[in-house]
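A.B. asks:
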Amino acid sequence: MYDFAAGISFMEDHQQVPALREAWLDGYQRVRRLSPADIVEIDSFVLMRRMALLAWAGSHAHTDQARAVAPHYASGSAALAEAYLGRFPAC
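Residue numbering for the sequence shown follows our numbering, starting at 1102 and increasing by one per position.
1) Could you tell me if Ser-1050 is buried or exposed, where buried requires 16 or more neighbouring beta carbons within 10 angstroms of its beta carbon?
2) Beta-carbon within less than 7 Å of Ala-1181's beta-carbon, same chain only, minus the 5 sequence neighbours each way: which residues are those?
3) Check each candidate in Ser-1160, Trp-1157, Gly-1159, Pro-1119 and name the one with the smallest Cα separation from Ile-1140.
4) Along the chain, where does the alpha helix (DSSP H) containing Asp-1104 start, and where does it finish?
5) Candidates Ala-1191, Ala-1167, Ile-1109: which alpha carbon is nearest Phe-1146's?
6) On a Cα-Cα basis, can you pick out the residue from Ser-1136, Met-1102, Leu-1126, Phe-1111 that is closest to Leu-1154?
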């Protein structure tokens, strides 16, 4: 599941991601079937990768890539996290 998350790095909130996810699942499952539990966890890996990239951008602020995403990456990460956490009932 992490390979999908890595494949959509820096574009996790792009409108094409659902279609990319479906295409990835279709191709992946031609080789190995995934359980519903596996599929549900894809979003966990996407968010985990996003948080890792957010930390990377903060520690590599001098790079062109980090500068390019700086204006929106933290707020986009927060929105993704809120959407992800919204799937779970409050404890």
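For each residue, glycine too, the CB sits at the ideal point set by N, CA and C. Keep in mind the model is a prediction, meaning the values are calculated, not measured.
C.D. replies: With the structure as the only source:
1) Missing from the structure shown is residue 1050; the chain here goes from 1102 to 1192 and no further.
2) Position check: residue 1181 holds Leu in this sequence, whereas Ala was assumed. The residues are Glu-1113, Asp-1114, Leu-1148, Arg-1151.
3) Residue Pro-1119 is the option with its Cα nearest to Ile-1140.
4) Judged by DSSP secondary structure, Asp-1104 falls within the alpha helix (DSSP H) whose first and last residues are 1103-1108.
5) Selected option, being the one with the closest Cα: Ile-1109.
6) Looking at the Cα atoms, Phe-1111 is the closest of the given residues.
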